[in-house]
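>
Residue numbers (UniProt numbering): 1 to 317.
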């Protein structure tokens, strides 16, 4: 939606918010979660003006999620509420800190045109694939004139259709994005016969200017038009990995919104290092406790100022 009534935003995130029910083998706790909601939370904690369009119930769990997001500076849009129950995801922790998931999820956000004018729109995870909401996501992307579109598939096979259908949906959205971030598990599920490097090149050929594949403890691979860079993970004692990928995504988004560097080798390396440091902060803490601006200011993050040359960063093809 455009015009005088549209509220300018740094970022709009469209995707699920839900309650993570975490079973660590000895106790069960509930925490606000959902990959897109975590990305929005990470952006809000960095001080960016961010809104979330999601699908919440008018129930105690939904209210708790809203309070959690608002405390971190996220504005939850009015089209995010219905009278159905708030979705849940039960995470059972493994000995290595990773988790397996069981979902009770619905996805049908408001389809009315949005009175916002974001510089960037991010989507992904369940919200990018699950009907009927997927069609609403695509319609909003068509209507919003954002400078940047970012996409993280965050594949959840238990909630998806066939591989062929999901693969087609992924490639359609990837072709519309400027930046695609995916995990090595996403890459393996979508492209089982390709290496991470081959997946990076295959997805970049669809149209994105930057493709990032996170590799867990092995770091990440960042692929742009003229460069591919491997960045090591930051050394840290892992408490759990919940929210690590969402932290990485929010770091990429924040940096792309606030720098105008070309996506050359030096720039994407700095993007990767800064995202790795932020993700390490999250995995060192229980749950999706993404870093605040003050946490990042105290870290030894490399600066883009040391990189020579200035040009527009990512733009639509």
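We put the beta carbon where it would ideally sit given N, CA and C, even for glycine.
Figure out for me which residue from 145, 96, 242, 100 has the closest Cα to the Cα of residue 176.
Of the listed residues, the one whose Cα sits closest to residue 176 is 145.
> Are the Cβ atoms of residue 24 and residue 93 separated by less than 7 Å?
Yes, the Cβ-Cβ distance between residue 24 and residue 93 is below 7 Å.
> I want to check one thing, is the minimum distance from the CB of residue 233 to the heavy atoms of the ligand MN below 6 Å?
Looking at this structure, you won't find the ligand MN or any other ligand, since it has none at all.
> For residue 116, write down the residues that DSSP places opposite it in a beta bridge.
Beta-bridge pairing links residue 116 to 7.
> Which of the three DSSP states, helix, strand or coil, is assigned to residue 159?
If DSSP states are grouped into helix, strand and coil, residue 159 belongs with the helices.
> Between the Cα of residue 121 and the Cα atoms of 244, 259, 249, 263, which residue gives the shortest distance?
Answer by Cα proximity: 249.
> Mapping DSSP to helix, strand and coil, what is residue 312?
In this prediction, residue 312 has a pLDDT of 38, which is less than 50 and means its spatial position is unreliable; what the coordinates show is noted afterwards. Three-state result, residue 312: coil.
> Can you tell me whether residue 163 is buried or exposed? The criterion is at least 16 other CB atoms within 10 Å of its CB, across all chains shown.
Classification of residue 163: exposed, given that the 10 Å Cβ count is below 16.
> Give me the Cα-Cα distance between residue 31 and residue 259, rounded to the nearest whole angstrom.
The alpha-carbon atoms of residue 31 and residue 259 are separated by roughly 33 Å.
> When the Cα atoms are used, what is the spatial distance from residue 60 to residue 116?
Distance between the alpha carbons of residue 60 and residue 116: 27 Å.
> Since residue 220 sits in a beta bridge, which residues does DSSP pair it with?
Answer by DSSP bridge pairing, in chain order: 214, 231.
> Should residue 41 go down as buried or exposed, given a rule of 16 or more other Cβ atoms within 10 Å for buried?
Result: buried.
> Quick one: which unbroken alpha helix (DSSP H) runs of 4-plus residues sit fully inside the stretch 6-51? Chain order, please.
You should have 35-45.
> Within 10 angstroms of its Cβ, does residue 67 collect 16 or more other Cβ (buried), or is it exposed?
That one is exposed.
> Once the 5 residues before and after residue 303 are set aside, which same chain residues still bring their CB inside 8 Å of it?
Excluding residues within five positions, the ones whose Cβ falls inside 8 Å are 270.
> Return the chain-ordered list of same chain residues with a C-beta closer than 6 Å to the C-beta of residue 217, the five sequence neighbours on each side being excluded.
Once the five neighbours on either side are set aside, the close Cβ partners of residue 217 are 233.
> If we count the other Cβ atoms within 10 Å of its Cβ and call it buried at 16 or more, is residue 226 buried or exposed?
It is exposed - the Cβ of residue 226 has fewer than 16 other Cβ atoms within 10 Å.
> Opposite residue 68 in the DSSP bridges: which residues?
DSSP, once it has assigned bridges, lists no residue as partnering residue 68.
> Figure out for me which residue from 114, 132, 245, 125 has the closest Cα to the Cα of residue 142.
Of 114, 132, 245, 125, the residue nearest in Cα terms is 114.
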